[in-house]
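Heads up, the thing below is written out as C-alpha coordinates.
Numbering (this note's numbering), first residue to last: 14 to 178.
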(Lines of atoms letter the chains of each structure in order from A and count residues from 1; the text may use other names and numbers.)
(Lines give C-alpha, C1' and ligand atoms only; values in the text may rest on other atoms or scores of the structure.)
Protein backbone atom coordinates (compact mmCIF):
# COMPACT_ATOMS: atom_id res chain seq x y z
CA UNK A 1 0.00 0.00 0.00
CA UNK A 2 2.98 2.29 0.50
CA UNK A 3 4.04 1.69 -3.11
CA UNK A 4 0.47 2.31 -4.32
CA UNK A 5 0.47 5.69 -2.60
CA UNK A 6 2.61 7.04 -5.45
CA UNK A 7 -0.55 6.93 -7.61
CA UNK A 8 -2.22 9.55 -5.37
CA UNK A 9 -1.82 13.33 -5.70
CA UNK A 10 0.54 15.00 -3.25
CA UNK A 11 -0.05 18.32 -1.53
CA UNK A 12 2.93 19.99 0.10
CA UNK A 13 3.40 23.22 2.02
CA UNK A 14 6.50 25.35 2.44
CA UNK A 15 7.34 28.57 4.26
CA UNK A 16 10.35 30.82 4.32
CA UNK A 17 11.67 33.88 6.09
CA UNK A 18 14.78 35.87 5.28
CA UNK A 19 16.65 39.14 5.13
CA UNK A 20 19.85 40.42 3.54
CA UNK A 21 22.56 43.04 3.82
CA UNK A 22 24.87 44.41 1.15
CA UNK A 23 27.52 47.03 0.86
CA UNK A 24 29.52 48.43 -2.01
CA UNK A 25 32.88 50.04 -1.27
CA UNK A 26 32.98 53.74 -1.87
CA UNK A 27 29.19 54.16 -1.99
CA UNK A 28 27.21 55.24 1.01
CA UNK A 29 24.51 52.82 1.98
CA UNK A 30 22.05 52.31 4.78
CA UNK A 31 23.19 50.90 8.10
CA UNK A 32 23.12 47.18 8.77
CA UNK A 33 20.05 47.30 11.05
CA UNK A 34 18.11 49.47 8.62
CA UNK A 35 18.90 47.21 5.68
CA UNK A 36 17.79 44.17 7.69
CA UNK A 37 14.45 45.91 8.40
CA UNK A 38 13.92 47.04 4.80
CA UNK A 39 15.02 43.78 3.13
CA UNK A 40 12.99 41.47 5.40
CA UNK A 41 10.89 38.99 3.38
CA UNK A 42 8.45 36.19 4.09
CA UNK A 43 7.02 33.50 1.85
CA UNK A 44 4.34 30.81 2.02
CA UNK A 45 3.63 28.23 -0.65
CA UNK A 46 1.48 25.26 -1.50
CA UNK A 47 2.32 22.73 -4.15
CA UNK A 48 -0.02 20.17 -5.67
CA UNK A 49 1.50 17.30 -7.63
CA UNK A 50 -0.84 15.12 -9.67
CA UNK A 51 0.85 12.03 -11.13
CA UNK A 52 -0.13 11.78 -14.78
CA UNK A 53 2.83 9.99 -16.27
CA UNK A 54 5.96 9.08 -14.34
CA UNK A 55 7.62 6.73 -16.84
CA UNK A 56 5.97 3.73 -15.14
CA UNK A 57 8.00 4.17 -11.95
CA UNK A 58 4.87 3.94 -9.77
CA UNK A 59 3.72 0.80 -11.55
CA UNK A 60 7.19 -0.73 -11.27
CA UNK A 61 7.47 0.14 -7.57
CA UNK A 62 4.08 -1.52 -6.92
CA UNK A 63 5.24 -4.64 -8.77
CA UNK A 64 8.54 -4.64 -6.84
CA UNK A 65 6.62 -4.36 -3.57
CA UNK A 66 4.44 -7.35 -4.54
CA UNK A 67 7.56 -9.38 -5.35
CA UNK A 68 9.18 -8.35 -2.06
CA UNK A 69 6.06 -9.42 -0.17
CA UNK A 70 6.10 -12.79 -1.95
CA UNK A 71 9.83 -13.21 -1.20
CA UNK A 72 9.21 -12.39 2.47
CA UNK A 73 6.42 -14.97 2.65
CA UNK A 74 8.64 -17.60 1.00
CA UNK A 75 11.51 -16.78 3.35
CA UNK A 76 9.15 -17.10 6.33
CA UNK A 77 7.94 -20.50 5.14
CA UNK A 78 11.51 -21.63 4.53
CA UNK A 79 12.55 -20.52 8.01
CA UNK A 80 9.54 -22.31 9.47
CA UNK A 81 10.48 -25.54 7.66
CA UNK A 82 14.10 -25.22 8.78
CA UNK A 83 13.01 -24.75 12.39
CA UNK A 84 10.70 -27.78 12.16
CA UNK A 85 13.56 -29.84 10.73
CA UNK A 86 15.89 -28.67 13.51
CA UNK A 87 13.35 -29.55 16.20
CA UNK A 88 12.70 -32.94 14.62
CA UNK A 89 16.45 -33.58 14.43
CA UNK A 90 16.87 -32.57 18.09
CA UNK A 91 14.08 -34.99 19.05
CA UNK A 92 15.68 -37.90 17.21
CA UNK A 93 19.12 -37.04 18.61
CA UNK A 94 17.70 -36.99 22.15
CA UNK A 95 15.97 -40.30 21.56
CA UNK A 96 19.17 -41.80 20.13
CA UNK A 97 21.26 -40.47 23.02
CA UNK A 98 18.86 -42.05 25.53
CA UNK A 99 19.07 -45.39 23.74
CA UNK A 100 22.85 -45.08 23.56
CA UNK A 101 22.92 -44.38 27.32
CA UNK A 102 20.84 -47.49 28.06
CA UNK A 103 23.10 -49.63 25.87
CA UNK A 104 26.25 -48.14 27.40
CA UNK A 105 25.00 -48.81 30.94
CA UNK A 106 24.22 -52.45 30.06
CA UNK A 107 27.62 -52.80 28.41
CA UNK A 108 29.39 -51.24 31.39
CA UNK A 109 27.60 -53.60 33.78
CA UNK A 110 28.46 -56.63 31.62
CA UNK A 111 32.15 -55.66 31.32
CA UNK A 112 32.26 -54.97 35.08
CA UNK A 113 31.01 -58.47 35.78
CA UNK A 114 33.47 -59.90 33.25
CA UNK A 115 36.29 -57.92 34.87
CA UNK A 116 35.33 -59.17 38.34
CA UNK A 117 35.26 -62.76 37.05
CA UNK A 118 38.64 -62.26 35.40
CA UNK A 119 39.98 -60.74 38.62
CA UNK A 120 38.96 -63.86 40.56
CA UNK A 121 40.53 -66.10 37.91
CA UNK A 122 43.71 -64.02 38.06
CA UNK A 123 43.78 -64.22 41.87
CA UNK A 124 43.51 -68.03 41.69
CA UNK A 125 46.20 -68.20 39.02
CA UNK A 126 43.88 -69.38 36.20
CA UNK A 127 44.47 -66.26 34.02
CA UNK A 128 47.62 -64.44 33.01
CA UNK A 129 48.38 -60.70 33.34
CA UNK A 130 47.55 -59.93 29.69
CA UNK A 131 44.02 -61.33 30.01
CA UNK A 132 43.55 -59.44 33.26
CA UNK A 133 44.73 -56.13 31.74
CA UNK A 134 42.56 -56.62 28.68
CA UNK A 135 39.46 -57.22 30.86
CA UNK A 136 40.30 -54.17 32.96
CA UNK A 137 40.84 -52.07 29.83
CA UNK A 138 37.48 -53.19 28.41
CA UNK A 139 35.76 -52.28 31.68
CA UNK A 140 37.38 -48.84 31.82
CA UNK A 141 36.45 -48.17 28.17
CA UNK A 142 32.83 -49.26 28.74
CA UNK A 143 32.54 -47.14 31.90
CA UNK A 144 33.99 -44.17 30.02
CA UNK A 145 31.50 -44.63 27.18
CA UNK A 146 28.65 -44.84 29.72
CA UNK A 147 29.70 -41.53 31.30
CA UNK A 148 30.03 -39.92 27.87
CA UNK A 149 26.60 -41.25 26.84
CA UNK A 150 25.09 -39.90 30.07
CA UNK A 151 26.30 -36.35 29.42
CA UNK A 152 25.37 -36.50 25.75
CA UNK A 153 21.87 -37.58 26.76
CA UNK A 154 21.63 -34.68 29.21
CA UNK A 155 22.77 -32.25 26.52
CA UNK A 156 20.33 -33.57 23.91
CA UNK A 157 17.41 -33.44 26.37
CA UNK A 158 18.28 -29.86 27.29
CA UNK A 159 18.40 -28.86 23.63
CA UNK A 160 15.01 -30.48 23.09
CA UNK A 161 13.64 -28.70 26.17
CA UNK A 162 14.88 -25.41 24.71
CA UNK A 163 12.86 -25.98 21.54
CA UNK A 164 9.79 -26.99 23.55
CA UNK A 165 9.65 -23.54 25.17
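Beta carbons are placed, not taken as given, at the ideal position from N, Cα and C, and that holds for glycine.
Treat the numbers as computed from the prediction; the structure is a model and nothing was measured.
(request) Locate the beta strand (DSSP E) running through residue 25, then write down its first and last residues. (result) Within the chain shown, the letter at position 12 stands for residue 25. Taken as a continuous stretch (DSSP letters only), the beta strand (DSSP E) holding residue 25 covers 23-31.
(request) Output the boundary residues of the alpha helix (DSSP H) element that contains residue 54. (result) One-based indexing of the chain shown puts residue 54 at position 41. No alpha helix (DSSP H) contains residue 54, which is instead part of the beta strand (DSSP E) from 54-62.
(message) Going by DSSP, what residue range makes up the alpha helix (DSSP H) through residue 71?
(response) Taking the chain shown and counting its residues from 1, one reaches residue 71 at position 58. Its alpha helix (DSSP H) spans residues 70-136.
(request) Taking residue 50 as part of the alpha helix (DSSP H), name the residues at either end of that continuous run. (result) As a working note, residue 50 is residue 37 in the chain shown. Here the alpha helix (DSSP H) through residue 50 covers 45-51.
(message) Looking at the secondary structure, which residues open and close the alpha helix (DSSP H) in which residue 175 lies?
(response) Here the question's residue 175 lines up with position 162 in the chain shown. Counting along the chain, the alpha helix (DSSP H) containing residue 175 begins and ends at 142-177.
(request) Could you name the residues of the same chain whose beta carbon sits closer than 6 Å to that of residue 124, not counting the 5 residues immediately before and after it, in chain order? (result) Position 111 of the chain shown, counted from the first residue, corresponds to residue 124. Counting only Cβ-Cβ distances below 6 Å, and skipping sequence neighbours, we find 151, 152 and 155.
(message) Does the structure place the stretch 50-64 close enough to the stretch 18-31 that three or more beta carbon pairs sit under 8 Å?
(response) yes
(message) Quick check: residue 162 and residue 96, are their CB atoms within less than 7 Å of each other?
(response) As a first step, residue 162 is located in the chain shown; it is residue number 149 there, counting from the start. As a first step, residue 96 is located in the chain shown; it is residue number 83 there, counting from the start. Against a cut-off of 7 Å, the Cβ pair of residue 96 and residue 162 comes out as no contact.
(message) Suppose the cutoff is 7 Å on Cβ atoms and the five residues either side in sequence are ignored; what does the same chain contact list for residue 149 look like?
(response) Here residue 149 refers to the residue found at position 136 of the chain shown. Around residue 149: 128.
(message) Going by C-alpha to C-alpha distance, which of 171, 168 and 14 sits closest to residue 81?
(response) Counting from 1 along the chain shown, the entry for residue 81 is found at position 68. When each option's Cα is compared against that of residue 81, the closest is 14.
(message) Using 7 Å as the threshold, is the C-beta distance between residue 176 and residue 110 below it?
(response) Translated into positions along the chain shown, residue 176 becomes position 163. Translated into positions along the chain shown, residue 110 becomes position 97. Contact flag unset, no.
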